[in-house]
Amino acid sequence: IFTISLLSLCAFTSEHTLKMTFSKLTISAENFVELETRIFLDDLTAQIQQVYNLSNPDFSKVSSNGTRALQRYLNDKCYLEIDGKKVNLQISADSLSSNRLALVVNSHSLAPLDLSIEVFIFNTILCDAALTQTNNVKYDGEILALSISKPKVKIPLQ
C-alpha cells in the first residue's frame, strides 16, 4: 500500500520537462491568417489559474471561463505586428489533443492583412511561467523559433 501511495504521489507531482508550444500558421488566398497552436494542458491550466485567479478553468468551448481567459492571455502573448501595429487573433475553436495532453487552439485574424509590408509574429506563450519555454511556429515549411530572448520574428512572406 505504501508503494502504491508513493507512486500516486509521484504521478501528481511529476512535471514534464518539455516547455514548448507548437503552432501552424497559414495565410489564405484572401490574406486571412489562421493559427493552430498546441499548448500543454497542465502548463496552460496552471498559468491561467495563477494569472486570472481561476480555480478550475474550463476550456470546453469558446465561451467558457478558461477559454475567455485564454483569449485575454493570448492578446498579450501571441499576436501579429504589421507596420508597428498589434493585430490580435480571435479564438474560433479549442479542443483537447487526441492524447489529451494538449489544448489545440484555433485562432484567426478578423480582417484580411496587408501583406505588402513586413509582418511579424510575437509569441511569448508561457514564457512568463518558464524561462526555458520555446514556441515553434511552422509557416510555409519553415520553423520559426520564438522564446523570451527572441519574442518576435518576421514571417517570411513569398
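Those letters in the sequence shown? Residues 7 to 164, by this note's numbering.
All C-beta atoms in this analysis are idealised placements derived from N, C-alpha and C, irrespective of residue type, glycine included.
Endpoints, beta strand (DSSP E) assigned at residue i
i	result
Leu31	26-33
Ala135	Where Ala135 is concerned, there is no enclosing beta strand (DSSP E), given that its DSSP letter is neither H nor E.
Lys160	158-160
Asp100	96-102
Asn129	125-129
Thr23	Thr23 -> no beta strand (DSSP E), and no H or E assigned at all.
Val93	91-93
Val68	No beta strand (DSSP E) contains Val68, which DSSP labels as neither H nor E.
Cβ neighbour criterion (16 or more within 10 Å) applied to residue i
i	result
Asn129	buried
Asp48	exposed
Asn105	exposed
Asp100	buried
Gly147	exposed
Asn59	exposed
Thr43	buried
Close-in-space but distant-in-sequence residues of the same chain around residue i (CB under 8 Å, 5 per side omitted)
i	result
Leu95	Val39, Leu41, Leu80, Cys84, Tyr85, Leu86, Ser113, His114, Ser115
Ile154	Thr130, Cys133, Leu137, Gln139
Opposing strand residues paired with residue i [DSSP bridges]
i	result
Glu36	For Glu36, which the question treats as bridged, DSSP gives no partner whatsoever.
Lys144	Lys30, Ile149
Thr43	Ser29, Val111
Continuous alpha helix (DSSP H) stretch holding residue i: start and end
i	result
Asn71	71-83
Beta-carbon contacts of residue i that lie in its chain and below 6 Å, excluding the five residues immediately before and after
i	result
Ile33	Val39
Phe65	Gly72, Thr73, Asp100, Leu109
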